[in-house]
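Heads up: the structure comes next, in structure tokens.
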Amino acid sequence: MAHLASLSREELISKIQFLENANAAKGISNSQTRPTSGVASSSNTKANPDPDHTKLNNNGSSTPSSSASRPVSTPTPMVDENGKPLRKHARKAIRKTEKPFNFNSYPTRHIALMISYYGWPYCGLALQPPLPGMPDVQTVESELLKALEKTKLIESGKGLEGCGYSRCGRTDRGVSGEGQVVNLWVRSLRSPDDGGEALPSEIGWREAKEPPLPKAKAKTHTENGEGEHEDECEGEAPSTRQPKSMSEAKARSESKSKKETAQTPSPVIEYPYPKLLNGVLPPSIRVLAWSPLSQEFDSRFSCVYRHYKYAFHLESSPLGAPLDLRLMEEAASHLIGEKDHRNFCKLDGSKQINNHKRTILKAYFEKEIDEDGHTHGKKMIFNLIGTAFLWHQVRHIIAVLFLVGSGLEDPTIVRDLLDVEKYPSKPTYNMGDALPLTLHECAYEGILDWRFGGYDGPWKTLPGDQKEGLYREAMGGREGFERSLMGLAQEADLRAWQINGSLRKLHQIYGEGETLKKDKDNQITYPLGGGEVSISHQYTKLEKRHKGETPEVVNEKWRVAKNLKLLKGDRENEKGQTANGENAGDE
1 MAHLASLSRE ELISKIQFLE NANAAKGISN SQTRPTSGVA SSSNTKANPD
51 PDHTKLNNNG SSTPSSSASR PVSTPTPMVD ENGKPLRKHA RKAIRKTEKP
101 FNFNSYPTRH IALMISYYGW PYCGLALQPP LPGMPDVQTV ESELLKALEK
151 TKLIESGKGL EGCGYSRCGR TDRGVSGEGQ VVNLWVRSLR SPDDGGEALP
201 SEIGWREAKE PPLPKAKAKT HTENGEGEHE DECEGEAPST RQPKSMSEAK
251 ARSESKSKKE TAQTPSPVIE YPYPKLLNGV LPPSIRVLAW SPLSQEFDSR
301 FSCVYRHYKY AFHLESSPLG APLDLRLMEE AASHLIGEKD HRNFCKLDGS
351 KQINNHKRTI LKAYFEKEID EDGHTHGKKM IFNLIGTAFL WHQVRHIIAV
401 LFLVGSGLED PTIVRDLLDV EKYPSKPTYN MGDALPLTLH ECAYEGILDW
451 RFGGYDGPWK TLPGDQKEGL YREAMGGREG FERSLMGLAQ EADLRAWQIN
501 GSLRKLHQIY GEGETLKKDK DNQITYPLGG GEVSISHQYT KLEKRHKGET
551 PEVVNEKWRV AKNLKLLKGD RENEKGQTAN GENAGDE
């Protein structure tokens with residue numbers, strides 16, 4: 001047997017198949033060379049009580065049965081890389097992947113997904129095409145696309161455009177989201193007359209484009225105890241084998257009752273989309289809920305408002321004064337209403353945006369409060385609610401508020417920056433860090449009806465007793481999901497406690513602020529968010545700083561550069577055509 005250890009997996013499989021086929025052929029030849037006299041036949045029948053093994057003809061002689069003369073079909077053995085047979089669940093997984101799948105033979109429906117994700121591992125939310133010769137850009141949507149294709153909820157190879165995908169708000173590199181909403185068309189388990197909840201005409205549901213594929217008949221192999229009846233004795237049907245003891249009879253009776261209970265028809269529900277996707281998504285991306293949709297819904301244009309949150313600490317330096325929250329609140333009050341925010345964003349000429357007016361509904365600060373009503377130290381949350389936002393708008397606003405809270409700018413600077421006559425272009429200043437920013441909520445006017453499980457009927461409008469009866473269908477699996485999220489949050493909290501250990505020990509050894517002095521005199525520090533600070537020896541007011549280009553100039557420069565690029569491309573094409581023509585003439 002030692003020589004088998006050096007064989008590869010394919011060589012082992014070929015060796016096993018050769019031996020099995022040889023044994024099968026040997027058995028057939030032995031059955032064909034048996035004596036055919038009546039005496040031999042009768043003695044052979046006694047030796048083998050199987051009535052189907054041989055058949056008597058009219059003359060009393062025996063002939064081989066059709067089952068004995070037919071070649072024995074043996075299942076293809078499946079082994080792992082070590083040559084050991086695969087377990088039952090592994091064999092089923094292999095057979096499942098080998099089944100043909102036609103997406104167009106399934107109906108589809110329009111749904112919304114609420115997604116939560118960390119921003120720091122990804123290069124933003126939106127799917128980005130890879131640069132030539134570079135690896136794929138890892139974004140939240142690239143991971144979501146892989147999960148949708150792996151679960152076969154969308155057609156592979158068509159991308160997000162092929163399923164009518166749309167997002168509410170685009171977040172950039174490092175920015176997180178805990179309430180992002182997207183909508184798309186996915187594979188559906190439902191049909192209008194399947195006995196489940198009604199599918200109203202306004203619900204986005206489409207029939208399959210092609211008829212379903214015929215289902216393959218299940219193969220049952222009992223050889224060596226493999227196949228569907230692995231717990232039965234070889235050659236004996238489960239219904240005819242007698243139990244060996246009372247305990248076995250009791251176990252068989254309980255198994256039969258369980259099978260009968262399992263055969264009771266369950267209510268027809270939809271795929272549990274969050275559970276399917278969370279099973280293949282990385283832990284940094286979670287699907288929190290799904291909702292049935294109408295065909296006309298668009299997560300971007302149907303949104304009433306977007307709610308962003310920015311977390312920060314009042315103290316950013318051990319000897320620096322804490323931020324003055326009262327001044328920051330006064331400055332933030334100037335944001336309310338429809339204002340021109342060209343000086344609170346990053347200009348992008350490729351977008352050709354001419355209107356920078358945006359409406360801010362609310363701007364306020366709050367202390368972070370847990371479920372027990374306790375505040376977490378001196379951490380604050382800046383809330384900004386608006387109908388739409390420009391590129392990096394929230395991070396520019398919080399940066400100016402930090403300057404106000406540090407006493408470096410007056411609260412009226414926010415009002416002045418919103419005055420395009422006084423500030424036709426933005427003065428140069430650093431925007432806030434991306435880490436503390438999260439898209440908290442995308443709000444809609446009673447359109448979405450969130451649930452976690454596969455129940456696709458109305459949920460939030462149901463009375464309490466009906467919700468209780470449908471809880472397993474609508475919220476099944478939520479406990480385990482919430483347990484996993486709690487575990488991740490506790491792990492992050494413990495990591496933060498460990499990281500803070502160095503600071504705790506430093507204070508224990510040397511004491512806190514009373515024994516600390518500045519390393520340099522006349523040092524000015526103010527926060528940038530995310531634990532980052534700016535340190536300088538002098539500060540220049542925003543009104544005296546260099547100002548950038550106006551939006552009109554930025555847009556015009558981009559158009560000129562684009563036209564030059566197109567003109568250069570046309571000239572290169574003309575040169576190529578001329579060269580081809582000269583070569584053709586030479587030939």
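The UniProt record's numbering puts the sequence shown at residues 1 to 587. All C-beta atoms in this analysis are idealised placements derived from N, C-alpha and C, irrespective of residue type, glycine included. Small disclaimer: the values here were computed from a predicted structure and weren't measured.
- DSSP places Ala289 within a strand segment (E or B) once states are collapsed to three.
- Rounded to the nearest angstrom, the Cβ distance from Leu153 to Leu325 is 46 angstroms, too far for a contact under 8 angstroms.
- Residue environment: Asn278 is assigned as buried (16 or more neighbouring CB atoms within 10 Å of its CB, all protein chains considered).
- Here Lys92 carries a helix assignment [DSSP, helix/strand/coil].
- According to DSSP, Met114 shares a beta bridge with Val181 and Ala289.
- As the crow flies, the alpha-carbon of Asp340 is around 34 angstroms from that of Gln138.
- For Pro121, same chain residues with a beta-carbon under 7 angstroms away, outside a window of 5 residues either side, are Ser284 in chain order.
- Residue environment for Phe301: exposed (fewer than 16 other C-beta atoms within 10 angstroms of its C-beta).
- Per the Cβ contact rule, the stretch 419 to 428 is not in contact with the stretch 285 to 301 (fewer than 3 Cβ pairs under 8 angstroms).
- Residue ranges of uninterrupted alpha helix (DSSP H) with 4 or more members, entirely inside the stretch 473 to 552 and ordered along the chain, are 478 to 499 and 501 to 510.
- Bounds of the alpha helix (DSSP H) holding Arg326 are Leu325 to Ala332.
- Considering only Ile398, Tyr308, Asp456 and Trp205, the residue with the shortest C-alpha distance to Asp433 is Ile398.
- Distance from the CA atom of Arg206 to the CA atom of Ser156, rounded to whole angstroms, is 18 angstroms.
- Remark: C-beta atoms of Lys557 and Gly349 approach each other more closely than 9 angstroms.
- Note on Ile115: 16 or more other CB atoms within 10 angstroms of its CB, so buried under the neighbour-count rule.
- When only Cα atoms are considered, Leu160 and Glu141 end up about 9 angstroms apart.
- A distance of 9 angstroms or more separates the beta carbons of Leu314 and His356.
- Ala331 is positioned such that its CB atom lies closer than 9 angstroms to that of Leu401.
- Nearest to Ala208 by alpha-carbon distance, out of Thr412, Ala311 and Arg109, is Arg109.
- Annotation for Leu361: the continuous beta strand (DSSP E) segment containing it runs Lys357 to Ile369.
- Between Thr438 and Glu143, the C-beta gap is not smaller than 9 angstroms, which leaves the two residues out of contact.
- Sequence-distant partners of His440 (beyond 5 residues in either direction) whose C-beta falls short of 7 angstroms from its own C-beta, in its chain, are Glu178, Gly179, His307, Tyr308 and Lys309.
- For Phe382, the secondary structure class from DSSP, reduced to helix, strand or coil, is strand.
- A distance below 9 angstroms separates the beta carbons of Arg173 and Cys123.
- When the Cα atoms are used, Val181 and Gly453 turn out to be separated by approximately 17 angstroms.
- The Cβ atoms of Pro100 and Leu213 sit closer than 9 angstroms to each other.
- In the DSSP assignment, Ile336 is bridged to no other residue.
- Contact check for Ala388 against Arg415 fails: the beta carbons are separated by 9 angstroms or more.
- Judged by DSSP secondary structure, Glu149 falls within the alpha helix (DSSP H) whose first and last residues are Val140 to Lys150.
- In this structure, Val175 sits away from Ile111, with a CB-CB distance that is not shorter than 9 angstroms.
- Between the beta-carbon of Cys168 and that of Ser299 there is about 4 angstroms, and that keeps the pair under the 8 angstroms contact cut.
- Excluding its 5 nearest sequence neighbours in each direction, Glu409 has C-beta neighbours in its own chain below 6 angstroms: Leu403, listed in chain order.
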